[in-house]
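Take 256 as the starting number for the sequence shown in my numbering and just add one per residue.
Glycine is no exception: its CB is placed at the ideal position from the N, C-alpha and C atoms.
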Amino acid sequence: MWLEQLKTDEDLKLYFEACTEEDPGDGSLIRAALGDITRARRMTWLARETGLTREGLYKALSPDGNPEFSTVIKVIKALNLKFHIEPVHVN
């Protein structure tokens with residue numbers, strides 16, 4: 256399974272950055288990346304870290320999920336990731 260390749264914090268960071276850059280604007284790739292990273296790190300552990308239920312996390316991070324922004328931030332922080340925003344330079 257390719258999720259096993261997400262072993263180190265650097266792997267997670269690079270994958271998350273790539274998905275945030277390629278997201279079409281609807282959050283689908285960001286949500287998918289968080290779901291993938293969460294499965295790679297164990298859903299039960301993340302539920303405990305965020306104070307959310309496993310079922311709630313699975314639903315929120317599923318392809319059809321629509322997590323609240325606060326849930327996304329809780330997941331990002333629990334995974335020791337940083338949500339970074341910078342201006343896009345258009346020429």
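(1) Quick check on Thr275: does DSSP put it in helix, strand or coil?
(2) Below 8 Å, can you find three or more Cβ-Cβ pairs linking the segment 308 to 327 to the segment 280 to 296?
(3) Buried or exposed: where does Ala273 fall if 16 or more other Cβ atoms within 10 Å of its Cβ makes it buried?
(4) Name the residue from Leu261, Leu267 and Gln260 whose alpha carbon lies nearest to the alpha carbon of Lys332.
(5) Rounded to whole angstroms, what's the CA-CA distance from Met256 to Val343? Just pull it up for me.
(6) Can you tell me whether DSSP reads Leu334 as helix, strand or coil?
(7) Would you call the CB atoms of Gly290 and Ser317 closer than 9 Å?
(8) Output the distance between the C-alpha atoms of Phe338 and Asp278, rounded to the nearest integer angstrom.
So, to answer that:
(1) For the purposes of this step, residue 275 is identified with residue 20 of the sequence shown, where counting begins at 1. DSSP places Thr275 in helix when its eight states are reduced to three.
(2) Yes, since at least three Cβ pairs between the segment 308 to 327 and the segment 280 to 296 fall closer than 8 Å, the two stretches touch.
(3) Locating residue 273 in the sequence shown gives position 18, counting from the first residue. The residue is exposed, with fewer than 16 neighbouring Cβ atoms inside 10 Å.
(4) Locating residue 332 in the sequence shown gives position 77, counting from the first residue. Out of Leu261, Leu267 and Gln260, Leu267 has the C-alpha closest to the C-alpha of Lys332.
(5) Against the sequence shown, residue 256 aligns to sequence position 1. Against the sequence shown, residue 343 aligns to sequence position 88. Note that Met256 scores a pLDDT of 47, beneath 50, so its modelled location is shaky and nothing firm can be said.
(6) What you label residue 334 is simply residue 79 of the sequence shown in a count that begins at 1. Residue state, collapsed to three classes: coil.
(7) Translated into positions along the sequence shown, residue 290 becomes position 35. Translated into positions along the sequence shown, residue 317 becomes position 62. For Gly290 and Ser317, yes; Cβs fall inside 9 Å.
(8) The count along the sequence shown starts at 1 and reaches residue 338 at position 83. The count along the sequence shown starts at 1 and reaches residue 278 at position 23. About 14 Å.
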